[in-house]
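Residue numbers (the working numbering), protein chains in the order written: chain A, 512 to 675; chain B, 512 to 675; chain C, 512 to 675; chain D, 512 to 675.
Glycine residues also receive a C-beta, built at the ideal position from the N, C-alpha and C atoms.
Report on the structure given below.
Protein chains: 4
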Amino acid sequence: MGKYTKTEVIGVVFSKLKPDKTKVFADIGCGSGAVTEFFAPYVKKAYAVDSSVEAIKQAQERLKKFENVEVVCSDGKEFLEKHDVDIAFFGGTKGIESMLEVCTAERVVVNAARIDVAVKVAEKMREIGIFEEIVLVNVAKSYELAGGLAFKPLNPVFVVCGEL
Amino acid sequence: MGKYTKTEVIGVVFSKLKPDKTKVFADIGCGSGAVTEFFAPYVKKAYAVDSSVEAIKQAQERLKKFENVEVVCSDGKEFLEKHDVDIAFFGGTKGIESMLEVCTAERVVVNAARIDVAVKVAEKMREIGIFEEIVLVNVAKSYELAGGLAFKPLNPVFVVCGEL
Amino acid sequence: MGKYTKTEVIGVVFSKLKPDKTKVFADIGCGSGAVTEFFAPYVKKAYAVDSSVEAIKQAQERLKKFENVEVVCSDGKEFLEKHDVDIAFFGGTKGIESMLEVCTAERVVVNAARIDVAVKVAEKMREIGIFEEIVLVNVAKSYELAGGLAFKPLNPVFVVCGEL
Amino acid sequence: MGKYTKTEVIGVVFSKLKPDKTKVFADIGCGSGAVTEFFAPYVKKAYAVDSSVEAIKQAQERLKKFENVEVVCSDGKEFLEKHDVDIAFFGGTKGIESMLEVCTAERVVVNAARIDVAVKVAEKMREIGIFEEIVLVNVAKSYELAGGLAFKPLNPVFVVCGEL
Chain A
512 MGKYTKTEVI GVVFSKLKPD KTKVFADIGC GSGAVTEFFA PYVKKAYAVD SSVEAIKQAQ
572 ERLKKFENVE VVCSDGKEFL EKHDVDIAFF GGTKGIESML EVCTAERVVV NAARIDVAVK
632 VAEKMREIGI FEEIVLVNVA KSYELAGGLA FKPLNPVFVV CGEL
Chain B
512 MGKYTKTEVI GVVFSKLKPD KTKVFADIGC GSGAVTEFFA PYVKKAYAVD SSVEAIKQAQ
572 ERLKKFENVE VVCSDGKEFL EKHDVDIAFF GGTKGIESML EVCTAERVVV NAARIDVAVK
632 VAEKMREIGI FEEIVLVNVA KSYELAGGLA FKPLNPVFVV CGEL
Chain C
512 MGKYTKTEVI GVVFSKLKPD KTKVFADIGC GSGAVTEFFA PYVKKAYAVD SSVEAIKQAQ
572 ERLKKFENVE VVCSDGKEFL EKHDVDIAFF GGTKGIESML EVCTAERVVV NAARIDVAVK
632 VAEKMREIGI FEEIVLVNVA KSYELAGGLA FKPLNPVFVV CGEL
Chain D
512 MGKYTKTEVI GVVFSKLKPD KTKVFADIGC GSGAVTEFFA PYVKKAYAVD SSVEAIKQAQ
572 ERLKKFENVE VVCSDGKEFL EKHDVDIAFF GGTKGIESML EVCTAERVVV NAARIDVAVK
632 VAEKMREIGI FEEIVLVNVA KSYELAGGLA FKPLNPVFVV CGEL
């Protein structure tokens, strides 16, 4: 399994961020744009933000079908200092703590593959008074095996949730 | 943990049903209405259907805030024979196989707590040519323990997915 | 992840079979012999049984260090009809139901990757009055990622347990 | 589910500690003695150590059937400074880091319910050069529900493993 956020895990993130058509959403560290693609139909506006030029190219291609999506090549912290967003998702692992400090979103979710990152992000959220919970997500998907159904697991993800 | 569908699991179901404002959604065996409550803002119309009078009372109370929700006290199969729906969720366990036979939704998800039900539903979906996959969902939620964070697991769920 | 039974999963199987130095153990469908290798030091005698000549070659090589292990190239059912064993493990998927019928072990465990096999084996165990439980095992192992620790999941296994 | 270590999880711990009849085992923070009870038949000698008088009473009762078990009411660190053990299990959460510093066992396992403890223990093991891996264990056990089988999950456990 690759590194992009899987649909089922995005579903869990969605259930914690509870987007609606009045909300501005930011996908910080958007990579190829899978999370923004999922969220775009359900929000007023979505920003897909990444500091990698290559990621931005992929995201632009994938997200050009949406009129309410803006793809931004930027450092996440700088972006958050300049833009007001209502709900925010952080998919990457670098500098999240300093981003959380400047983020004014009412709800944030950080997906961490690394257990040490999950703990640090939860501590930072506690420090700034927004920590809600960590949701540990283990999902496996069936595939056909010898006429029956066996399961292939996705990598476990720590979904760290904050709320103002 | 009780019997209603938990928010995180609803998120996974949502990610498989991919609702939008053009879709009519049916929540068959809606119980107290948690799944319909989650879906209502994202669909054109939602039906919350249950044959239990008590469940319907709870669902009516919970869902009265939505203009696009209709709460229906009915057997699931009879409901599906009379109504066209685009996406459907089955949360209960009785008679799902015969309901699937009359269901014309383009995407369906059946949540099974029981492994034997999951297998039977997958077989029925295969028989009628709509089986896509079973997603096995294990979610645990953090809680504070002695100043740190431990995890309480939700019951594992077999999310059986079909697509026309 | 390959197809042999992983150490952590063998540990769970061990905890259900509770071997000791008075017991004769059979590993039916032993493959390369990983389960027998784990059990051998803890039992009086261990049989590693497989009908595949290739598997038997690998098992012989791996298990030659044990004096109390006998590697047998045989159909599982035929083996069980001829030998008395106290505890038995079934790692394969073919013909397990008919093997269970002739098996006189006081405790048996069947590892199923396939959900349909798990259900069928549980039903067969119920029929012959030995079903105890299915243990659903999800294990993930850490690996180093960018100086921290992320997790790689093993395939989920249904550990079906029977007891006379 | 209560706080003692469940049999299936003990099985995973067993698979990492690989006891045998030449080994001296210590169960530090033994509580009511479930882990020692499991290990005792497979080791030369087992120490069940706890600083709680109440725990020691329960452990003594549970473990009196074994001739090779010594139940010790002691602080874990003090015990480890005075005794040579080959393999050690830590089930509690207090002071594990300082215990690891004085522990000379060739293999150690720490079970952590808390994610922050898991990370700190892994860091300490790295610091003293014994860290091997964290195994994340999610187990669910079937129970009968309406004639079929549903699953009740055990609490997730972080099994932190070290090896000299």
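Distance CB(residue i)-CB(residue j) smaller than 8 angstroms
i, j, result
"A/VAL583", "A/ILE607", "no"
"C/ALA623", "C/ALA629", "yes"
"C/VAL554", "C/LYS532", "yes"
"C/ARG573", "C/GLY602", "no"
"B/VAL646", "A/LYS652", "yes"
"D/VAL620", "D/PHE600", "yes"
"A/VAL613", "A/LYS588", "yes"
"C/LEU660", "A/ILE598", "no"
"B/ASP595", "B/VAL535", "yes"
"B/GLY522", "A/GLY540", "no"
"B/ARG618", "B/GLU548", "no"
"D/ASN666", "B/PRO664", "yes"
"C/LEU611", "C/ILE639", "yes"
"D/VAL520", "C/VAL650", "no"
"B/SER562", "A/THR518", "no"
"A/ASP671", "A/VAL524", "According to the sequence provided, residue 671 of chain A is Val. The question's Asp does not apply to it. No. Outside cutoff."
"B/PHE577", "B/ALA551", "yes"
"D/TYR558", "D/ALA537", "yes"
Per-residue contacts from residue i into chain B (C-beta, under 9 angstroms)
i, result
"C/ALA629", "ILE626, VAL630"
First through last residue of the beta strand (DSSP E) which encompasses residue i
i, result
"B/SER653", "642 to 656"
Start and end residues, alpha helix (DSSP H) containing residue i
i, result
"D/ILE639", "Where D/ILE639 is concerned, there is no enclosing alpha helix (DSSP H), given that its DSSP letter is neither H nor E."
"B/GLY587", "587 to 593"
"B/ALA545", "545 to 550"
"C/ALA566", "564 to 574"
"A/GLU617", "That residue, A/GLU617, is in no alpha helix (DSSP H); it is neither H nor E in DSSP."
"D/GLY522", "518 to 528"
Residue(s) in a DSSP beta bridge with residue i
i, result
"B/TYR558", "B/ALA537, B/GLU581"
"C/ASN622", "C/VAL670"
"B/LEU660", "B/GLU655"
"D/ALA599", "D/ALA537, D/VAL619"
Proximal chain A residues relative to residue i, where beta-carbon distance stays under 8 angstroms
i, result
"B/TYR553", "TYR553"
Contact list for residue i against chain D, beta-carbon separation under 9 angstroms
i, result
"C/ALA633", "SER653, LEU660"
Closer than 8 angstroms to chain E by CB, residue i
i, result
"C/LYS517", "Any reference to chain E falls outside this structure, whose protein chains are A, B, C and D."
Output needed in chain order: residues of the region 640 to 668 of chain D with a Cβ under 8 angstroms from some Cβ in chain C. The residues in question are GLU644, ILE645, VAL646, LEU647, VAL648, ASN649, VAL650, ALA651, LYS652, SER653, TYR654, LEU660, PHE662.
Against chain D: residues of the region 597 to 619 of chain B by CB proximity under 8 angstroms: Listed by position along the chain: THR604.
Using a Cβ cut-off of 7 angstroms, which residues of the region 517 to 530 of chain D contact any Cβ in chain C, in chain order? Answer set for the region 517 to 530 of chain D: THR518, GLU519, ILE521, GLY522, VAL523, PHE525, SER526.
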